[in-house]
Amino acid sequence: MVVYGQNGSGKSSFVDAFEYALRNGKIGHLAHEYSGKHQEKAIINTHRPKSAKAEVRIQFENGAELRAEIGANGALVLSGAGGVAIKTWDYARTVLRQDEVAHFIQDTKGNKYSVMLPLLGLGRMEVTAQNLRQLSRSIEEQSKLQEIERIVSDGEVRRKDRFGGATDEEICETIETLHKRYVASSTNDPSTQCLELESALDAKIAQYSGDQRRHLALRAAAEVGLKTCVDHVRSTNSKLAAAVEPLIAEKLGVLQSARAYSAKLGKEGSVNCPACGRPVATKAFLAHVDSERKKLQESVTIFQDWKTALGRLCDAVKSLRSSLARPEVKEWRDDPSNAQLLKNLAWLNGFDADGIRVSCTEEELKAIEDKLLPLVDAAGLVSKTAPAEVTQLSVDKQLGDAAKTLLKARERAPALARLRDLVAFVKSVEEGVREEIRAGSQTMVGEISEDIEKMWSIFHPGEGIESVHLYIPEDTDKAIDIALKFYGVEQDSPRLTLSEGYRNSLGLCIFLAMAKSGASEDQPLFLDDVVVSLDRNHRGMIVELLEKEFSDRQVIIFTHDREWYTELRQQLDEKKWIFRALLPYSSPEVGIRWSKKTSTFGDARAQLDERPDSAGNDARKIMDVELALIAERLHVAVPYMRGDKNDRRMAHDFLGKLIADGKKCFQKRSGKDYVSNPDAIEALDRADRLMISTANRASHSFDVVGPESAKLIDNCERALESFKCSSCGRNVWFADAEGSEWVQCQCGELRWRYGKA
Numbered sequence: 012m013v014v015y016g017q018n019g020s021g022k023s024s025f026v027d028a029f030e031y032a033l034r035n036g037k038i039g040h041l042a043h044e045y046s047g048k049h050q051e052k053a054i055i056n057t058h059r060p061k062s063a064k065a066e067v068r069i070q071f072e073n074g075a076e077l078r079a080e081i082g083a084n085g086a087l088v089l090s091g092a093g094g095v096a097i098k099t100w101d102y103a104r105t106v107l108r109q110d111e112v113a114h115f116i117q118d119t120k121g122n123k124y125s126v127m128l129p130l131l132g133l134g135r136m137e138v139t140a141q142n143l144r145q146l147s148r149s150i151e152e153q154s155k156l157q158e159i160e161r162i163v164s165d166g167e168v169r170r171k172d173r174f175g176g177a178t179d180e181e182i183c184e185t186i187e188t189l190h191k192r193y194v195a196s197s198t199n200d201p202s203t204q205c206l207e208l209e210s211a212l213d214a215k216i217a218q219y220s221g222d223q224r225r226h227l228a229l230r231a232a233a234e235v236g237l238k239t240c241v242d243h244v245r246s247t248n249s250k251l252a253a254a255v256e257p258l259i260a261e262k263l264g265v266l267q268s269a270r271a272y273s274a275k276l277g278k279e280g281s282v283n284c285p286a287c288g289r290p291v292a293t294k295a296f297l298a299h300v301d302s303e304r305k306k307l308q309e310s311v312t313i314f315q316d317w318k319t320a321l322g323r324l325c326d327a328v329k330s331l332r333s334s335l336a337r338p339e340v341k342e343w344r345d346d347p348s349n350a351q352l353l354k355n356l357a358w359l360n361g362f363d364a365d366g367i368r369v370s371c372t373e374e375e376l377k378a379i380e381d382k383l384l385p386l387v388d389a390a391g392l393v394s395k396t397a398p399a400e401v402t403q404l405s406v407d408k409q410l411g412d413a414a415k416t417l418l419k420a421r422e423r424a425p426a427l428a429r430l431r432d433l434v435a436f437v438k439s440v441e442e443g444v445r446e447e448i449r450a451g452s453q454t455m456v457g458e459i460s461e462d463i464e465k466m467w468s469i470f471h472p473g474e475g476i477e478s479v480h481l482y483i484p485e486d487t488d489k490a491i492d493i494a495l496k497f498y499g500v501e502q503d504s505p506r507l508t509l510s511e512g513y514r515n516s517l518g519l520c521i522f523l524a525m526a527k528s529g530a531s532e533d534q535p536l537f538l539d540d541v542v543v544s545l546d547r548n549h550r551g552m553i554v555e556l557l558e559k560e561f562s563d564r565q566v567i568i569f570t571h572d573r574e575w576y577t578e579l580r581q582q583l584d585e586k587k588w589i590f591r592a593l594l595p596y597s598s599p600e601v602g603i604r605w606s607k608k609t610s611t612f613g614d615a616r617a618q619l620d621e622r623p624d625s626a627g628n629d630a631r632k633i634m635d636v637e638l639a640l641i642a643e644r645l646h647v648a649v650p651y652m653r654g655d656k657n658d659r660r661m662a663h664d665f666l667g668k669l670i671a672d673g674k675k676c677f678q679k680r681s682g683k684d685y686v687s688n689p690d691a692i693e694a695l696d697r698a699d700r701l702m703i704s705t706a707n708r709a710s711h712s713f714d715v716v717g718p719e720s721a722k723l724i725d726n727c728e729r730a731l732e733s734f735k736c737s738s739c740g741r742n743v744w745f746a747d748a749e750g751s752e753w754v755q756c757q758c759g760e761l762r763w764r765y766g767k768a
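The opening residue of the sequence shown carries number 12 in my numbering; numbering runs sequentially from there.
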């Protein structure tokens with residue numbers, strides 16, 4: 012079916028109605044801040060009587076009817092048959108609007124991927140992959156995986172620093188010895204021993220004198236291990252730069268894609284590795300990819316080491332600042348005789364220790380060494396004079412704290428291992444799903460691309476733009492784009508070389524290819540003003556495309572282009588196509604109206620009251636187009652004219668020839684015989700005379716009144732209707748009769764003889 016109507020006549024309302032039922036009460040282009048919660052302000056007629064319903068009705072081939080009633084608040088109520096079937100149809104495979112034609116071409120490759128994946132039948136798998144990714148993140152966040160990793164890592168570091176290579180049994184013996192030394196009670200549990208030891212040591216420190224507590228605080232400052240932390244950061248810095256984390260993540264993603272890609276390679280030749288860039292024989296490519304992946308995993312381990320080293324350095328700086336900020340150290344801290352000490356303390360207090368956790372440059376490490384190591388050395392020098400009891404207690408406290416941290420880490424280690432295994436498992440499942448998506452999308456994209464290229468060749472035969480196809484970029488996981496060959500040059504995107512009109516025709520090809528690949532034969536196609544930017548030649552190709560590829564589908568075309576509508580009426584098979592015209596919109600009380608005629612003279616009549624000259628001029632334009640096509644269908648021979656004058660003949664040129672030939676060629680049936688058709692010749696002659704008089708004045712002056720233009724329109728319409736049979740409703744060229752010499756309507760009431768005038 013082809014529906015014609017001026018802009019604003021209500022064509023898109025039919026598509027809106029279908030979308031409303033198809034998408035469960037939603038119309039995409041009407042979804043905005045002013046349309047209401049349920050789009051009730053945008054959908055329902057503003058002048059609907061209170062007693063009238065607002066509803067959509069869709070009748071199916073089997074007689075079932077789906078009713079979608081729209082409540083006053085926009086709420087949808089579906090009833091009737093067919094509701095289940097229609098909900099299985101993909102909107103993107105069913106409806107194509109004017110603003111959607113080029114949008115896909117201009118969109119990003121990531122958004123193209125989001126649009127295409129559901130149409131490829133892989134939408135649910137993508138949702139599964141997204142859910143798995145979110146699940147792994149939720150596991151990490153809710154289990155506080157990073158915090159547990161830090162605790163376990165810190166425990167291992169403290170173990171090495173304080174206990175060296177001691178075994179677990181030897182460490183437990185050390186804790187038990189300390190516990191007996193400071194705690195009166197008896198327990199065999201190492202964790203309880205650590206807690207009781209900590210309480211006992213704190214109580215003993217509280218009984219110390221100010222001098223003793225100062226020595227203890229300075230001893231703690233001297234034992235922070237700042238030098239070791241700086242050396243560790245410097246060592247890991249040399250192995251892995253601070254900015255390498257995103258690079259590793261990116262390369263790992265590339266290699267994951269490369270594994271799937273390697274399965275499609277032949278056994279001969281070579282390919283450039285996407286991670287290292289070196290050419291590798293295709294036979295060895297998969298092994299090479301695994302090797303590169305292992306190297307990157309080692310880099311990830313080094314990176315984690317680097318992050319741990321930064322965390323230790325941060326903790327050491329904070330511990331130093333905390334120890335030197337204690338009240339009992341005030342006298343040493345404020346000693347005016349050591350100006351450099353005061354400067355270093357001021358630098359320590361102003362230093363952003365938390366910033367070290369992110370990164371730490373060589374300049375910052377040098378500053379820490381220059382400013383803070385002298386403080387550590389000074390604290391160590393003073394604390395050497397501490398009483399033996401205080402020195403011993405400091406050592407014992409550090410051993411107890413280290414043991415407590417180690418035991419805490421040991422308790423968390425099994426949970427950490429389980430969490431790591433769980434996260435790794437979820438990520439491996441996600442990767443498996445993504446590999447399935449990649450493999451499936453590659454297959455589907457290849458099949459659809461064949462249809463796209465075939466349809467493009469119909470649209471643009473013999474042109475230098477070829478090999479139009481969808482492809483999945485190798486460097487990106489979730490992306491789809493369009494490539495083509497432009498006069499022999501490969502192009503990664505049509506946006507590089509194609510004009511707006513060509514991009515629109517490409518968008519139409521992609522939509523039709525998708526509609527063909529995944530929709531059932533009973534699923535209709537709605538094309539809403541999709542040829543706005545196409546020229547006449549390329550619009551004509553749509554007919555061939557629809558007849559070749561969609562002869563078994565229901566297709567509904569809406570257009571405001573009067574000339575194209577006229578061409579479609581002439582070119583499309585009347586046995587299979589219906590043509591309807593909408594009258595121009597007048598008011599919401601009147602609403603959308605069908606014209607009683609299939610012609611477009613309703614547009615001209617709409618201007619009779621205010622612009623009778625424009626009404627007459629429109630009638631002339633309609634006749635120029637209609638008669639040119641009729642003369643072509645009836646093989647009317649017109650005189651040869653030089654240059655483009657052949658294509659610029661007007662209605663009078665064709666009417667004169669049709670009248671002359673029609674006296675012998677145009678016949679109607681009378682009983683068993685055929686006789687001439689004087690009524691048709693008279694209608695053509697009357698229209699021709701009015702074209703010369705009224706239409707000429709309408710086109711070249713304003714000296715035309717409403718009744719004159721109305722008479723012109725009526726007679727022009729009558730002249731065109733003379734070619735249509737009043738019995739069967741078909742045009743005189745509907746079918747061949749008696750070989751190729753005659754054409755006739757369906758019932759044979761009218762006939763025309765080719766080229767025998």
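C-beta atoms are modelled at their ideal positions from N, C-alpha and C, and glycine is treated no differently.
Within its chain, find whatever has a CB closer than 6 Å to the CB of SER460; leave out the 5 residues flanking it on each side and keep chain order. As a first step, residue 460 is located in the sequence shown; it is residue number 449 there, counting from the start. So the qualifying residues of the chain are HIS480, LEU481.
Those residues which DSSP pairs with PHE742 across a bridge: Start at 1 with the first residue of the sequence shown, and residue 742 comes out as number 731. Per the sequence presented here, residue 742 reads as Asn, with Phe not at that position. Beta-bridge pairing links ASN742 to LYS735.
With respect to the beta strand (DSSP E) encompassing ARG591, which residues constitute its N-terminal and C-terminal limits? As a first step, residue 591 must be located in the sequence shown, where it is residue number 580. Element bounds for ARG591: 590-592.
Identify whether SER249 lies in helix, strand or coil by the three-state DSSP scheme. Walking along the sequence shown from the start, residue 249 turns up at place 238. Reduced to three states, the DSSP call for SER249 is helix.
Contiguous beta strand (DSSP E) assignments of at least 3 residues, all confined to the region 85-117: Listed in chain order, they are 87-91, 106-108.
Going by the beta-carbon positions, is the gap between ALA426 and GLY166 smaller than 9 Å? Translated into the one-based positions of the sequence shown, residue 426 becomes position 415. Translated into the one-based positions of the sequence shown, residue 166 becomes position 155. Against a cut-off of 9 Å, the Cβ pair of GLY166 and ALA426 comes out as no contact.
For ARG573 and THR705, the rounded distance between their alpha carbons: Translated into positions along the sequence shown, residue 705 becomes position 694. Translated into positions along the sequence shown, residue 573 becomes position 562. THR705 and ARG573: Cα-Cα distance of roughly 22 Å.
Using the three-state DSSP reduction, which class does ASP684 fall into: helix, strand or coil? If you number the sequence shown from 1, residue 684 lands on position 673. It is a strand residue.
Using alpha carbons as the reference points, say which of ALA140, VAL393, VAL67 lies closest to GLU446. Position 435 of the sequence shown, counted from the start, is the residue given in the question as residue 446. Out of ALA140, VAL393, VAL67, ALA140 has the C-alpha closest to the C-alpha of GLU446.
Would you call the region 166-180 and the region 148-156 in contact, with 3 or more CB pairs under 8 Å? No, the region 166-180 is not in contact with the region 148-156.
ILE116 and ILE81 - do their beta-carbons sit closer together than 9 Å? If you number the sequence shown from 1, residue 81 lands on position 70. If you number the sequence shown from 1, residue 116 lands on position 105. No, the pair does not count as a contact, with Cβ atoms beyond the cut-off.
Since I believe ALA592 is in contact with GLY5 (beta carbons under 8 Å), could you give me their beta-carbon distance rounded to a whole number of angstroms? This structure gives no information on residue 5, because the portion of the chain shown stretches from 12 to 768.
Here's a check: name, in chain order, each residue in its chain whose Cβ is nearer than 8 Å to the Cβ of HIS114, leaving out the five neighbours to either side. Taking the sequence shown and counting its residues from 1, one reaches residue 114 at position 103. Result list for HIS114: GLY518, in chain order.
Tell me the start and end of each unbroken alpha helix (DSSP H) in the region 657-722 that is at least 4 residues and wholly inside, in chain order. 662-676, 689-701, 707-711
By DSSP, does GLN70 sit in helix, in strand, or in coil? Looking up residue 70 in the sequence shown gives position 59. Note: GLN70 maps to strand in three-state DSSP.
Within its chain, find whatever has a CB closer than 6 Å to the CB of GLU477; leave out the 5 residues flanking it on each side and keep chain order. Residue mapping note: residue 477 aligns to position 466 of the sequence shown, counting from 1. If we look at GLU477 and ignore the five residues flanking it on each side, its Cβ neighbours are LYS496.
Smallest Cα separation from GLY175: which of ALA413, LYS559, ASN628? Position 164 of the sequence shown, counted from the first residue, corresponds to residue 175. For GLY175, the closest alpha carbon among the candidates ALA413, LYS559, ASN628 is that of ALA413.
Whose CA, out of ASP242, ASN742, CYS727, lies closest to the CA of GLU585? Residue numbering aside, residue 585 sits at position 574 when the sequence shown is read from its first letter. Ranking the options by Cα distance to GLU585, first place goes to ASN742.
Quick one: grab the DSSP three-state call for LYS496. Residue mapping note: residue 496 aligns to position 485 of the sequence shown, counting from 1. Of the three classes helix, strand and coil, the one that applies to LYS496 here is strand, per DSSP.
DSSP-derived helix/strand/coil call for ILE367: Mapped onto the sequence shown, residue 367 falls at position 356. In this structure, ILE367 counts as helix in the three-state DSSP scheme.
Output yes or no for whether 9 Å exceeds the beta carbon distance between ALA397 and SER334. The residue labelled residue 397 in the question sits at position 386 within the sequence shown. The residue labelled residue 334 in the question sits at position 323 within the sequence shown. Cβ distance not < 9 Å, so ALA397 and SER334 don't count as in contact.
If you measure between the beta carbons of SER727 and LEU701, is that distance less than 9 Å? In the sequence shown, the residue the question calls residue 727 occupies position 716. In the sequence shown, the residue the question calls residue 701 occupies position 690. Per the sequence shown, residue 727 should be read as Cys rather than Ser. A contact, by the Cβ cut-off of 9 Å.
Across which residues does DSSP place LEU579 in a beta bridge pair? Your numbering for residue 579 matches position 568 in the sequence shown. Answer is none; LEU579 lacks a bridge partner.
In angstroms, rounded to a whole number, what distance separates the CA positions of LYS632 and VAL541? Walking along the sequence shown from the start, residue 632 turns up at place 621. Walking along the sequence shown from the start, residue 541 turns up at place 530. The alpha-carbon separation between LYS632 and VAL541 amounts to approximately 23 Å.
Exposed or buried, what is TRP744 when buried is set at 16 or more other beta-carbons lying within 10 Å of its beta-carbon? In the sequence shown, residue 744 corresponds to position 733, counting from 1. When all chains shown are included, TRP744 counts as buried.
Cα-Cα, which of GLY499, PRO472, ILE491 is closest to SER516? Position 505 of the sequence shown, counted from the first residue, corresponds to residue 516. The candidate whose alpha carbon is nearest that of SER516 is PRO472.
Residue burial classification, GLY19 (beta-carbon count within 10 angstroms, cutoff 16): Position 8 of the sequence shown holds residue 19. Classification for GLY19: exposed.
Can you look up VAL543 in the DSSP assignment and give me helix, strand or coil? Taking the sequence shown and counting its residues from 1, the one referred to as residue 543 is at position 532. Three-state result, VAL543: coil.
What does the Cβ neighbour count give for TYR513, buried or exposed, with the cut at 16 atoms within 10 Å? The sequence position of residue 513 within the sequence shown is 502, counting from 1. That one is buried.
Inter-residue Cα distance where the pair is LYS61 and PRO535: One-based indexing of the sequence shown puts residue 61 at position 50. One-based indexing of the sequence shown puts residue 535 at position 524. Approximately 33 Å between the Cα atoms of the pair.
Are at least three pairs of beta-carbons, each pair with one atom in the region 464-471 and one in the region 553-571, less than 8 Å apart? yes
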